[in-house]
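Asks:
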Amino acid sequence: MDLVELLGQEQFTTQEFINHWESHFHEALTVDEANDVLNKEFQLVLCEANQNCIWIKKTKSS
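In numbering that gives the first Met the number 0, the protein residues as written are 0 to 61.
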(Lines of atoms letter the chains of each structure in order from A; the text may use other names.)
(Lines give C-alpha, C1' and ligand atoms only; values in the text may rest on other atoms or scores of the structure.)
Protein backbone atom coordinates (compact mmCIF):
# COMPACT_ATOMS: atom_id res chain seq x y z
CA MET A 0 0.00 0.00 0.00
CA ASP A 1 1.46 3.35 -0.95
CA LEU A 2 0.89 6.55 0.96
CA VAL A 3 -1.72 7.92 -1.44
CA GLU A 4 -3.78 4.74 -0.94
CA LEU A 5 -3.35 5.05 2.81
CA LEU A 6 -4.44 8.69 2.81
CA GLY A 7 -7.10 8.37 0.12
CA GLN A 8 -6.07 11.68 -1.41
CA GLU A 9 -3.17 13.12 -3.37
CA GLN A 10 -2.77 16.38 -1.46
CA PHE A 11 -2.66 16.72 2.29
CA THR A 12 -0.94 18.49 5.17
CA THR A 13 1.74 17.05 7.41
CA GLN A 14 -0.75 16.91 10.28
CA GLU A 15 -3.28 14.96 8.19
CA PHE A 16 -0.52 12.51 7.32
CA ILE A 17 0.46 12.12 10.99
CA ASN A 18 -3.18 11.49 11.95
CA HIS A 19 -3.58 8.82 9.24
CA TRP A 20 -0.24 7.21 10.14
CA GLU A 21 -1.14 7.00 13.83
CA SER A 22 -4.58 5.52 13.14
CA HIS A 23 -3.20 2.97 10.65
CA PHE A 24 0.09 1.94 12.28
CA HIS A 25 -0.71 2.81 15.91
CA GLU A 26 2.56 4.65 16.40
CA ALA A 27 3.23 8.35 16.78
CA LEU A 28 5.29 10.44 14.40
CA THR A 29 6.85 13.81 15.07
CA VAL A 30 6.46 16.55 12.46
CA ASP A 31 10.13 16.12 11.48
CA GLU A 32 9.75 12.35 11.09
CA ALA A 33 6.60 12.81 9.02
CA ASN A 34 8.29 15.36 6.78
CA ASP A 35 11.24 12.97 6.26
CA VAL A 36 8.88 10.16 5.20
CA LEU A 37 6.82 12.44 2.97
CA ASN A 38 9.88 13.94 1.29
CA LYS A 39 10.71 10.54 -0.24
CA GLU A 40 7.50 10.24 -2.27
CA PHE A 41 5.89 13.65 -2.19
CA GLN A 42 6.61 17.16 -3.30
CA LEU A 43 6.33 20.06 -0.90
CA VAL A 44 3.85 22.68 -2.10
CA LEU A 45 3.75 25.12 0.79
CA CYS A 46 5.22 25.20 4.25
CA GLU A 47 4.90 27.69 7.09
CA ALA A 48 7.70 27.40 9.64
CA ASN A 49 7.81 23.62 9.14
CA GLN A 50 4.23 23.33 10.45
CA ASN A 51 1.14 22.41 8.47
CA CYS A 52 3.11 21.80 5.27
CA ILE A 53 1.07 20.89 2.20
CA TRP A 54 2.28 17.94 0.11
CA ILE A 55 1.31 16.43 -3.25
CA LYS A 56 2.35 13.16 -4.83
CA LYS A 57 5.45 13.52 -6.99
CA THR A 58 4.86 12.87 -10.66
CA LYS A 59 7.15 10.33 -12.25
CA SER A 60 9.40 11.98 -14.81
CA SER A 61 10.07 9.93 -17.89
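In this text, a Cβ means the ideal position worked out from N, Cα and C, and glycines have one as well.
Excluding the 5 residues flanking Gln-42 on each side, which residues of the same chain have their C-beta closer than 6 Å to its C-beta?
Replies: Same-chain partners within the cutoff: Ile-55, Lys-57.
Asks: For Glu-26, report the span of its alpha helix (DSSP H) as first-last.
Replies: Here Glu-26 belongs to no alpha helix (DSSP H), and DSSP marks it neither H nor E.
Asks: Counting C-beta neighbours from all protein chains within 10 Å, is the total for Asn-38 16 or more, i.e. buried, or is it exposed?
Replies: It counts as exposed.
Asks: Relative to the C-alpha of Asp-35, which residue among His-25, Gln-10, Ser-22, Phe-16 is closest?
Replies: Here the closest residue by C-alpha is Phe-16.
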